[in-house]
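>
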Amino acid sequence: MASSSSPAHADSHPAHLQHHFVSSEQQFDAAKMGMWLFLVTEILLFAGMFVAYTVYRVWYPEVFVQSSTLLNPWLGGLNTLVLLGSSFTVALSIHFIQNDNRKGLIINLALTMAAAIAFLVVKYFEYTHKFHLGVFPGEHYSYSEVAGPYVAQFFSIYYIMTGIHGLHVIIGIGLFIWLTVRATKGHFSSAWYTPVELVGLYWHIVDIIWIFLFPLLYLI
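All residue numbers for the sequence shown refer to our numbering, where the first residue is 70 and numbers rise by one.
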């Protein structure tokens, strides 16, 4: 649990308990429900893109197989390992603050940020290599080695899906910076660490989405 019980009287409420909640448990449950509702909208966003991918894949299977040869599965696999490792460090950060280990919390938040930045660095090299070849989305595609009437559609889908996912990674980095700053100021303890757990949920969803993107775009 991300919080502990508190007395019902307002003057004895802990600092983190908002006035419209009667207990820390109620506040945590409300926050977690709100986060899950938000994450459902994120899943729906990517579900629409997965549907678009599936439709084009069914219509033009040969084109998609041919186009995917321009993607580097080793770099995609590396990024998959990086994100899986970051999910582990997020889980560790929650474990440490549950045991009032602020140092462990800060270290694992920093490791998660480092993994997220590493993911973006790998993606940067992937993108710049493709741009150098002329592999752009839509009508700007100009790479002659892999050409066809619908190759550009594949890369439009690729850039949209990986780009929006990358934006979520950037948002995650911002959230981890915010958590780290608060952690260094001693704002979290075993009695209250709701923001850490909620950001952890967000990050797990970001990782899970990539686990679906990687095989669909790079392997199949």
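Glycine included, every Cβ here is placed at the ideal spot set by N, Cα and C.
All values reported here derive from a predicted model rather than from experimental measurement.
Rounded to the nearest angstrom, what separates Gly213 and Phe200 at their Cα positions?
Start at 1 with the first residue of the sequence shown, and residue 213 comes out as number 144. Start at 1 with the first residue of the sequence shown, and residue 200 comes out as number 131. Looking at the sequence itself, residue 213 is Ser, so the reference to Gly does not match. Roughly 13 Å between the two C-alpha positions.
> Taking one C-beta from the segment 124-135 and one from the segment 272-280 each time, how about it: are there three or more such pairs within less than 8 Å?
no
> Does the CB of Val120 have a neighbour CB from chain C at under 8 Å?
Among the protein chains of the structure shown there is no chain C, as only one such chain exists.
> Taking Cβ to Cβ, would you say Val132 is nearer than 8 Å to Tyr219?
The residue you call residue 132 lines up with position 63 of the sequence shown. The residue you call residue 219 lines up with position 150 of the sequence shown. Contact flag set, yes.
> For Gly103, collect the residues of the same chain with a Cβ closer than 6 Å to its Cβ; drop the 5 residues on either side in sequence, then sort them by chain order.
Here residue 103 refers to the residue found at position 34 of the sequence shown. If we look at Gly103 and ignore the five residues flanking it on each side, it has no Cβ neighbours.
> According to the neighbour-count rule (16 or more other Cβ atoms, all chains shown, within 10 Å of its Cβ), is Phe223 buried or exposed?
Along the sequence shown, one-based indexing puts residue 223 at 154. The residue is buried, with at least 16 neighbouring Cβ atoms inside 10 Å.
> Does the segment 265-275 come into contact with the segment 232-246, if we say contact requires no fewer than three beta-carbon pairs (one atom in each stretch) closer than 8 Å?
yes
> Quick one, are the C-beta atoms of Asn25 and Ser259 less than 8 Å apart?
Coverage of the chain is limited to positions 70 through 289, which leaves residue 25 absent and any answer about it impossible.
> Counting only the same chain and skipping the five closest in sequence on each side, list residues whose C-beta sits under 7 Å from that of Ile186.
In the sequence shown, counting from the first residue as 1, residue 186 sits at position 117. Excluding its 5 nearest sequence neighbours in each direction, Ile186 has C-beta neighbours in its own chain below 7 Å: Ile242, listed in chain order.
> Pull up the CB-CB distance for Asn148 and Phe188, whole angstroms please, since I reckon it's below 8 Å.
Here residue 148 refers to the residue found at position 79 when the sequence shown is read from its first residue. Here residue 188 refers to the residue found at position 119 when the sequence shown is read from its first residue. Confirmed, about 5 Å.
> So, using beta-carbon positions, are Leu313 and Val191 closer together than 8 Å?
Limits of the chain in this structure are 70 at one end and 289 at the other, which puts residue 313 out of reach.
> With distances taken between CB atoms, is the gap from Ala179 to Ser155 smaller than 8 Å?
As a working mapping, residue 179 is identified with position 110 in the sequence shown. As a working mapping, residue 155 is identified with position 86 in the sequence shown. Not a contact, by the Cβ cut-off of 8 Å.
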